[in-house]
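In the working numbering, the protein residues as written are 1031 to 1233. For each residue, glycine too, the CB sits at the ideal point set by N, CA and C. What follows is one structure encoded as structure tokens, with my remarks underneath.
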Ligand code: SF4
Ligand code: SF4
Ligand code: SF4
């Protein structure tokens, strides 16, 4: 995966990896790359469209993606304090230059609309403290419906806290990007397999 646009390609000077973390990262990268390939192969074999976001979703409270990458030290305080367990250390999602910085995993969980905990514990300024109201007006992404993969169950629309999803005449989801805040509840709830029929693109 290419490092993110506009960012230099070296490891962030602020993320210092111990030998142990480096070995853990190398192991995680070695596992994640074949896993992503296997998912794409399974999707194709099932006649579904593989999903590959252009930008993975960051924690809330960032100023810009560049500022986040330049200031995050990879301390993982946000990861450990997240009550939803939706944050995890990145492997290749941001490009190797920013491995170990926190990334949202909406296949594993979602970001609760009323929660701002990570933004209030970050010691480096990578995340600015948000109030609940500020968070609701600071989207971190937007949902993208993949109709080719959809079985029309309507689960995404029923869980969306923003009421940003409606089902069209064919009973396929349509996302209102003005209302969507990128919380990931729809992606997490979507039962379509082997690939989801809705995912969140980071901004
Ligand atoms: S806002 Fe809360 S639920 Fe969302 S990522 Fe941060 S700590 Fe987790
Ligand atoms: S708490 Fe802040 S500095 Fe630490 S990993 Fe999270 S975003 Fe990065
Ligand atoms: S990410 Fe999905 S569930 Fe969350 S606000 Fe957007 S459409 Fe609704």
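* Excluding five sequence neighbours on each side, which residues of the same chain lie with their C-beta closer than 8 Å to the C-beta of residue 1142? -> 1113, 1114 and 1213
* To do: With hydrogens ignored, establish whether the beta-carbon of residue 1191 is closer than 7 Å to any heavy atom of ligand 3.
  => yes
* Cβ-based burial, residue 1116 [other Cβ within 10 Å; buried from 16] -> buried
* **beta-carbon residue 1146 near ligand 2 non-hydrogen atom, thresh 7 Å** => no
* To do: Drop a sphere of 10 angstroms on the beta-carbon of residue 1198, count the other beta-carbons inside from all chains shown, and report buried for 16 or more, exposed for fewer.
  => exposed
* Rounded to whole angstroms, what's the CA-CA distance from residue 1177 to residue 1227? Just pull it up for me. => 6 Å
* Look up residue 1158 in the DSSP assignment and say whether it is helix, strand or coil. => coil
* Short Cβ contact (8 Å threshold) for residue 1128 with residue 1218 -> no
* Asked: Would DSSP call residue 1196 helix, strand or coil?
  -> strand
* Asked: Anyone know if the C-beta pair for residue 1148 and residue 1089 falls short of 8 Å?
  -> yes
* To do: Reducing DSSP to helix, strand and coil, say where residue 1273 ends up.
  => Outside the shown range of the chain (1031 to 1233) lies residue 1273, about which nothing can therefore be said.
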